[in-house]
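Q: Can you keep this structure in mind? I'll have questions shortly.
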Amino acid sequence: MSHISVFAPASVANISCGFDVLGVCLDNIGDILHIEETSKSGIEITKIVGQDLPLEATKNVAGVAGLALLADYGHEKGFKIQIEKGIKPGSGIGSSSASAAGAVVGINHLLGNPYSRDQLIAFAMEGERVACGTAHADNVSPVLLGGFTLVRSINPL
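Take 29 as the starting number for the sequence shown in my numbering and just add one per residue.
Set out below in structure tokens:
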């Protein structure tokens, strides 16, 4: 398989006293990422539908998360990503987390699933670093794991 479409759901974090540690995944709203393997190494964001966000991979949360995964993977691989934004940035329901998580899930699948969900969380957190300056796990964890999540530690995750 050389391409995949991934639905990445919205999430809510900072619930009550669980600031930056407690999050929940939401149903029926999210981003859709179309990811295609290419012969050119790296990540190329080719299109974003629904929002005006950076196409440059190093400035886009999905691109940064994907690049983090590929840097760890170590082999020269390349992927094109198209993003259909179903979550408005700044809406408070994990727009950046959905894009970052969707990218690493799709790329991981196309590589044959070499990484665990915990490892994918760490890569998606790098996308969050671009969005807010810190690699938070409170939104990406529920997107990747589903349900309610409590982040007790990020090192180890």
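The beta-carbon is built from N, C-alpha and C at its ideal position, and this holds for glycine as well.
Pairing CB atoms from the segment 52-66 with CB atoms from the segment 108-122, are three or more of them under 8 Å?
A: yes
Q: I'd like the ranges of any alpha helix (DSSP H) spanning at least 4 consecutive residues and lying wholly in the segment 45-118.
A: Counting only unbroken stretches of 4 or more residues, the alpha helix (DSSP H) elements lying wholly within the segment 45-118 are 89-101, in sequence order.
Q: Specify, as a first and last residue, the run of the beta strand (DSSP E) that residue 41 falls within.
A: Taking the first residue of the sequence shown as position 1, residue 41 is located at position 13. Residues 31-43.
Q: In the DSSP assignment, find the unbroken alpha helix (DSSP H) run with residue 178 in it and report its ends.
A: Translated into positions along the sequence shown, residue 178 becomes position 150. Element bounds for residue 178: not the alpha helix (DSSP H) but the beta strand (DSSP E), 176-178.
Q: State the start and end residues of the unbroken alpha helix (DSSP H) segment that holds residue 135.
A: Residue numbering aside, residue 135 sits at position 107 when the sequence shown is read from its first letter. Its alpha helix (DSSP H) spans residues 123-138.
Q: With burial defined as no fewer than 16 other Cβ atoms inside 10 Å of the residue's Cβ, what is the status of residue 86: buried or exposed?
A: Numbered from its first residue, the sequence shown carries residue 86 at position 58. Around the beta carbon of residue 86, a 10 Å sphere encloses fewer than 16 other beta carbons of the protein chains shown; the residue is thus reported as exposed.
Q: Roughly how many angstroms separate the alpha carbons of residue 186 and residue 82, rounded to a whole number?
A: Residue coverage of the chain in this structure runs from 29 to 185, which leaves residue 186 outside it and unanswerable.
Q: Could you tell me the alpha carbon to alpha carbon distance between residue 121 and residue 181, rounded to whole angstroms?
A: The residue you call residue 121 lines up with position 93 of the sequence shown. The residue you call residue 181 lines up with position 153 of the sequence shown. C-alpha separation (whole angstroms): 22 Å.
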